[in-house]
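Enquirer: Positions in the sequence shown are counted from 1; adding 6 to them yields this note's numbering. Ideal placement from N, C-alpha and C gives every residue a C-beta, glycine not left out. These numbers come from a predicted model, not from an experiment.
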Amino acid sequence: AALVGRVLLPSALRFDQVSVVPHDGMRYRESARLDAEGKFRTGALKPGLYRFEVFSQGRVVASVADVPLVEGEESRADAFDPLDLREALRPWKLRVLDGAGEPLAGHRCFAADGRVERSMAYAQSDGTGRLEFWTARDDDALTLVAAGFLAQEVLWK
Numbered sequence: 007a008a009l010v011g012r013v014l015l016p017s018a019l020r021f022d023q024v025s026v027v028p029h030d031g032m033r034y035r036e037s038a039r040l041d042a043e044g045k046f047r048t049g050a051l052k053p054g055l056y057r058f059e060v061f062s063q064g065r066v067v068a069s070v071a072d073v074p075l076v077e078g079e080e081s082r083a084d085a086f087d088p089l090d091l092r093e094a095l096r097p098w099k100l101r102v103l104d105g106a107g108e109p110l111a112g113h114r115c116f117a118a119d120g121r122v123e124r125s126m127a128y129a130q131s132d133g134t135g136r137l138e139f140w141t142a143r144d145d146d147a148l149t150l151v152a153a154g155f156l157a158q159e160v161l162w163k
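1. Distance, Cα to Cα, G120 vs G133?
2. Should G11 be labelled buried (16 or more other beta-carbon atoms within 10 Å of its own) or exposed?
3. Determine the direct distance from the alpha carbon of A68 to that of R92, and round the result to whole angstroms.
4. Go to F46, then tell me how far its beta strand (DSSP E) extends in each direction, as first and last residue.
5. Of all the options G64, K52 and S17, which has the alpha carbon lying nearest to the alpha carbon of G44?
6. In whole angstroms, what is the alpha-carbon distance linking T48 and G105?
7. Tell me, to the nearest whole angstrom, how far the beta carbon of L55 is from that of A8; I am working on the premise that it is less than 8 Å.
8. In or out: L103 buried (at least 16 other Cβ within 10 Å) or exposed?
Written out as structure tokens, the structure reads:
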């Protein structure tokens, strides 16, 4: 059994930054990457009910529950025909500085949404400390943690 579908993304979010991951109720299964048109096909899965989660930067940005997969069939769930996330996501563009005002260049930073979904996103800062995280549009705050530093809440303005 396998699921095929399509995910529509905001134009600034690259398809290679997003994957669809099946969950069988006990654990995650192998992820499916999106192609240049946002199409995906999962690997072979056992028949049953699955939850499919869409990940960007290691963070769940959408979830579709109770998708049935049938033995020997390639399933097409209505929710993924296509799953339109173009208006559901927004970027947080941040510049992270240390206490002395120097950019946290090269640090691996983590963001945990504080309001809607509590899952982690991962981004590497560039040489100027700039980061970009994609979250659900409803998220108005997140907690930013850089390795070796205290957590800092960031509010959407």
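Expert: Let's see:
1. Because G120 carries a pLDDT of 48, less than 50, the predicted location of this residue cannot be relied on, and the following value inherits that uncertainty. Between G120 and G133, the C-alpha separation is close to 27 Å.
2. buried
3. 12 Å
4. K45 to R47
5. S17
6. 45 Å
7. L55 to A8, Cβ: 15 Å. No contact.
8. exposed
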